[in-house]
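Participant: Sharing a structure below in structure tokens format, with a few things to ask.
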Amino acid sequence: MNQEFPTAPSRVLEQLAGKNLLITGTTGFLGKVVLEKIMRDVPTIGGIYLLIRGNSASPTARERFLTEVASSSIFGPQRQNSRARFERFCSERVHCITGEVTEAQFGLSDEAFRDLAGKIDVIMHSAASVNFRERLDHALSINTLCLHNIVALSELGGAIPVLQVSTCYVNGFNRGDIGETFHPPARADIPQDKDGFYAIEPLIARLQDKIDALASRFRNRALGEQLVLLGERESRAHGWNDTYTFTKWLGEQYLRKALSHKTLTILRPAIIESTLQEPTPGWIEGVKVADAVLLAYARQKVVFFPGKRSGVIDVIPADLVANAVILAAAEQVAEPGKLRIYQCCSGSRNPLTLGRFIDYLMAEAKENHMTYEKLFEIEPRKPFKIINKQLFNVSLFLLCRTLSTTESTLKLVGRNQPMRLLRNLNVMNKLAEIFAFYATPNYVFRNEQLLALAQRMGETGANAQFPVDAALIDWEHYLRKVHIAGLNSYALTDNKPNAKTPRRTTETKPGGLSSPQEAA
Numbered sequence: 004m005n006q007e008f009p010t011a012p013s014r015v016l017e018q019l020a021g022k023n024l025l026i027t028g029t030t031g032f033l034g035k036v037v038l039e040k041i042m043r044d045v046p047t048i049g050g051i052y053l054l055i056r057g058n059s060a061s062p063t064a065r066e067r068f069l070t071e072v073a074s075s076s077i078f079g080p081q082r083q084n085s086r087a088r089f090e091r092f093c094s095e096r097v098h099c100i101t102g103e104v105t106e107a108q109f110g111l112s113d114e115a116f117r118d119l120a121g122k123i124d125v126i127m128h129s130a131a132s133v134n135f136r137e138r139l140d141h142a143l144s145i146n147t148l149c150l151h152n153i154v155a156l157s158e159l160g161g162a163i164p165v166l167q168v169s170t171c172y173v174n175g176f177n178r179g180d181i182g183e184t185f186h187p188p189a190r191a192d193i194p195q196d197k198d199g200f201y202a203i204e205p206l207i208a209r210l211q212d213k214i215d216a217l218a219s220r221f222r223n224r225a226l227g228e229q230l231v232l233l234g235e236r237e238s239r240a241h242g243w244n245d246t247y248t249f250t251k252w253l254g255e256q257y258l259r260k261a262l263s264h265k266t267l268t269i270l271r272p273a274i275i276e277s278t279l280q281e282p283t284p285g286w287i288e289g290v291k292v293a294d295a296v297l298l299a300y301a302r303q304k305v306v307f308f309p310g311k312r313s314g315v316i317d318v319i320p321a322d323l324v325a326n327a328v329i330l331a332a333a334e335q336v337a338e339p340g341k342l343r344i345y346q347c348c349s350g351s352r353n354p355l356t357l358g359r360f361i362d363y364l365m366a367e368a369k370e371n372h373m374t375y376e377k378l379f380e381i382e383p384r385k386p387f388k389i390i391n392k393q394l395f396n397v398s399l400f401l402l403c404r405t406l407s408t409t410e411s412t413l414k415l416v417g418r419n420q421p422m423r424l425l426r427n428l429n430v431m432n433k434l435a436e437i438f439a440f441y442a443t444p445n446y447v448f449r450n451e452q453l454l455a456l457a458q459r460m461g462e463t464g465a466n467a468q469f470p471v472d473a474a475l476i477d478w479e480h481y482l483r484k485v486h487i488a489g490l491n492s493y494a495l496t497d498n499k500p501n502a503k504t505p506r507r508t509t510e511t512k513p514g515g516l517s518s519p520q521e522a523a
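If you read the sequence shown in the working numbering, its first letter stands for residue 4, the second for the next number, and so on.
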């Protein structure tokens with residue numbers, strides 16, 4: 004786990020000197036961490052162009068940047084260190100483009116789109132919908148079809164390198180060691196052509212036909228519910244747990260073919276959580292995959308959950324992911340013309356089992372719950388139990404069936420209000436539908452190629468400025484003293500999830516999860 008690589012001089016600042024980056028998704032969690040790191044530690048950068056969708060409160064990209072991004076607490080250390088430098092950087096080198104990633108040419112005129120293409124050296128595409136229960140039409144639009152615009156910009160600018168932020172979970176239901184390559188669908192047999200490209204166009208057309216058929220039968224909320232269910236059915240039928248990971252896989256396959264023999268890097272993070280060290284330990288925005296169940300437990304809504312204690316749950320701090328993005332971009336500038344896949348993960352390098360994850364969090368909750376007043380309203384009264392999925396399903400069924408008539412059942416779960424308990428059981432069921440796959444891992448993600456990249460770029464060892472190695476993490480300290488504190492300080496406000504989640508999230512990464520936030 005603690006293997007060290009020989010350290011060469013860092014090449015990152017040299018390769019990115021004077022370069023202009025286009026970044027999508029900076030109003031989201033990971034996007035902010037990437038932007039903050041570049042602004043702080045890549046002073047040689049030429050310029051940063053941010054594609055940001057306007058909204059009713061902030062009609063222009065610049066307005067939204069100032070109100071939602073530059074004002075974020077993640078930039079607090081920079082403002083404190085030198086407010087003048089921070090404001091000067093934002094004014095002189097951050098260029099905001101008002102546009103929508105899903106619209107043709109981002110909604111820009113031909114001239115503006117051409118002008119943008121002429122200025123950019125690397126495209127960092129981080130925008131996505133990370134709602135695991137997104138409507139299929141929305142998920143396709145944001146996670147797959149909008150990549151036509153990314154490719155068009157790249158081609159117009161003379162093969163601008165594209166860095167696509169994806170997810171390790173595009174590997175779906177595949178089992179065992181999952182390396183940094185393309186893996187076939189675990190269930191459906193999607194045809195491949197003679198060059199090995201999957202025939203995703205006919206598949207997308209069939210999905211669109213099913214979407215249109217539902218649109219002809221349903222309206223408004225009923226239509227939305229049907230499109231969510233369609234996404235879940237199609238995803239699982241083809242070998243993915245949810246609509247998010249299915250549509251991200253489709254996006255990878257589209258880019259693989261469209262940018263064949265061009266410069267494309269696919270960066271796949273695992274479950275992104277709070278920062279390990281920079282710019283401050285524990286910084287996080289919103290409730291992520293691994294936190295939804297913890298938050299529900301803290302609210303006394305969940306006391307048992309389906310999972311596998313011995314399974315490796317792959318969590319990676321956001322600052323390590325941001326560093327991986329920056330390393331990959333620097334490599335694209337230095338050595339263009341290649342397809343690369345990197346996985347930013349911890350499972351093979353510094354494995355954390357679900358059992359240890361739960362034990363560390365529960366120990367901190369029991370011993371120091373009063374320290375985290377926003378997270379824990381009172382001391383948790385019951386231990387959190389991980390049980391197998393079959394037992395969970397049976398237990399949930401029996402509890403729901405007998406709740407209204409059996410007093411002993413009420414005493415068993417420590418409640419004397421049947422309606423409230425039924426709501427809590429519903430929360431457990433909703434969370435299990437989404438997250439049971441992630442709590443019962445039958446896979447281990449590997450990242451030898453990312454570690455080799457760090458070695459080539461001179462970013463290994465104690466003096467690395469852009470570290471990516473999960474071996475740096477002391478899991479007990481991180482989970483007990485960094486992550487929970489970060490949730491309490493940054494993600495939660497007044498005992499409620501931090502921000503009101505918008506209906507569409509086109510600028511967030513894995514994963515700000517609207518459904519679990521509502522459930523918890």
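All residues carry an ideal CB built from backbone N, CA and C; glycine is no exception. Here the structure is a predicted model, which means the values were calculated and not measured.
1. Considering only C-alpha positions, which residue in the set Gln18, Pro46 and Met42 is nearest to Leu53?
2. Suppose the cutoff is 7 Å on Cβ atoms and the five residues either side in sequence are ignored; what does the same chain contact list for Gly242 look like?
3. Within 10 angstroms of its Cβ, does Ser351 collect 16 or more other Cβ (buried), or is it exposed?
4. Any contact of the region 207-221 with the region 102-109, i.e. 3+ C-beta pairs under 8 Å?
5. Measuring straight from C-alpha to C-alpha, what distance separates Leu402 and Arg426?
6. Quick one: residues in its chain with C-beta nearer than 7 Å to the C-beta of Ala240, no 5 flanking neighbours on either side, listed in chain order?
7. If you compare alpha carbons, which of Phe387, Leu323, Arg117 and Leu424 is closest to Glu39?
8. Would you check if the distance between the CB atom of Cys535 and the CB atom of Leu482 is smaller than 8 Å?
9. In angstroms with no decimal places, state the Cα-to-Cα distance between Ala321 and Ser129.
10. By alpha-carbon positions, which one of Asn450, Gln83, Cys171 and Pro282 ends up nearest to Ile274?
11. DSSP three-state label for Gln346, please.
12. In terms of alpha-carbon separation, which member of Pro284, Ile145 and Thr47 lies closest to Arg56?
13. Can Ser313 and Ile476 be called in contact, C-beta distance under 8 Å?
14. Whole beta strand (DSSP E) runs in the region 128-171 with 3 or more residues, listed along the chain?
15. Name the DSSP bridge partner or partners of Arg271?
16. By the 10 Å Cβ neighbour count, where 16 or more other Cβ atoms means buried, how is Ile163 classified, buried or exposed?
17. Using DSSP bridges, identify the partner residues of Asn23.
18. Using a Cβ-Cβ cutoff of less than 6 Å, which residues in the same chain neighbour Asp497 once the five nearest sequence positions on both sides are dropped?
19. Does the contact criterion of 3 or more C-beta pairs under 8 Å hold for the region 328-345 versus the region 483-493?
20. Between the beta-carbon of Ile269 and the beta-carbon of Ala473, is there less than 8 Å?
21. For His480, count neighbouring C-beta atoms within 10 Å of its own C-beta (all shown protein chains included) and say buried if the count is 16 or more, exposed if not.
22. Have a look at Ala366, Leu226 and Asn391 and flag the residue whose alpha-carbon is nearest the alpha-carbon of Lys385.
23. Indicate the three-state DSSP secondary structure (helix, strand or coil) for His98 in the structure shown.
24. At the level of alpha carbons, what is the spacing between Gln571 and Asn244?
25. May I ask which residues mark the beginning and end of the alpha helix (DSSP H) holding Tyr247?
26. Terminal residues of the continuous beta strand (DSSP E) containing Lys388?
27. Check whether the Cβ atoms of Val296 and Pro354 sit closer than 8 Å, and answer yes or no.
28. Under 6 Å Cβ to Cβ from Cys149, same chain only, skipping five residues before and after it: list those, please.
29. Taking the straight line between their C-alpha atoms, what separation do you get for Asp113 and Met127?
30. Can you tell which of Ala457, Leu364 and Lys388 has its C-alpha closest to the C-alpha of Phe379?
31. From Glu451 to Leu330, what distance separates their C-alpha atoms?
32. Confirm, please, whether the CB-CB distance from Ser13 to Gly464 is below 8 Å.
33. Compare the C-alpha of Ile214 against each of Leu232, Ala202 and Phe200 and name the closest.
34. Grab me the residues of Tyr201's own chain with a C-beta within less than 6 Å of its C-beta, minus the 5 sequence neighbours each way, in chain order.
35. Tell me whether Gly234 is buried or exposed, calling it buried when 16 or more other Cβ atoms sit within 10 Å of its Cβ.
36. At which residues does the beta strand (DSSP E) containing Tyr300 begin and terminate?
Facilitator: Concretely, from the data shown:
1. Met42
2. Gly175, Phe176, Pro188, Ala189, Arg190 and Ala191
3. buried
4. no
5. 12 Å
6. Arg190 and Ala191
7. Leu323
8. Residue 535 falls outside the range modelled here, since the chain spans only 4 to 523, and no answer is possible.
9. 13 Å
10. Cys171
11. strand
12. Ile145
13. no
14. 165-168
15. Gln346
16. buried
17. Gly50
18. At Asp497 the pLDDT is 46, less than 50, meaning the model places this residue with poor confidence; the figure from the coordinates comes in the next sentence. Around Asp497: no qualifying Cβ.
19. no
20. no
21. exposed
22. Ala366
23. strand
24. The shown model of the chain, from 4 to 523, leaves out residue 571, and the question about it has no answer.
25. Thr246 to Ala261
26. Lys388 to Ile390
27. no
28. Val104 and Thr105
29. 21 Å
30. Leu364
31. 15 Å
32. no
33. Leu232
34. Ile193, Gln195 and Gln256
35. buried
36. Where Tyr300 is concerned, there is no enclosing beta strand (DSSP E), although the alpha helix (DSSP H) it sits in stretches over Val292 to Ala301.
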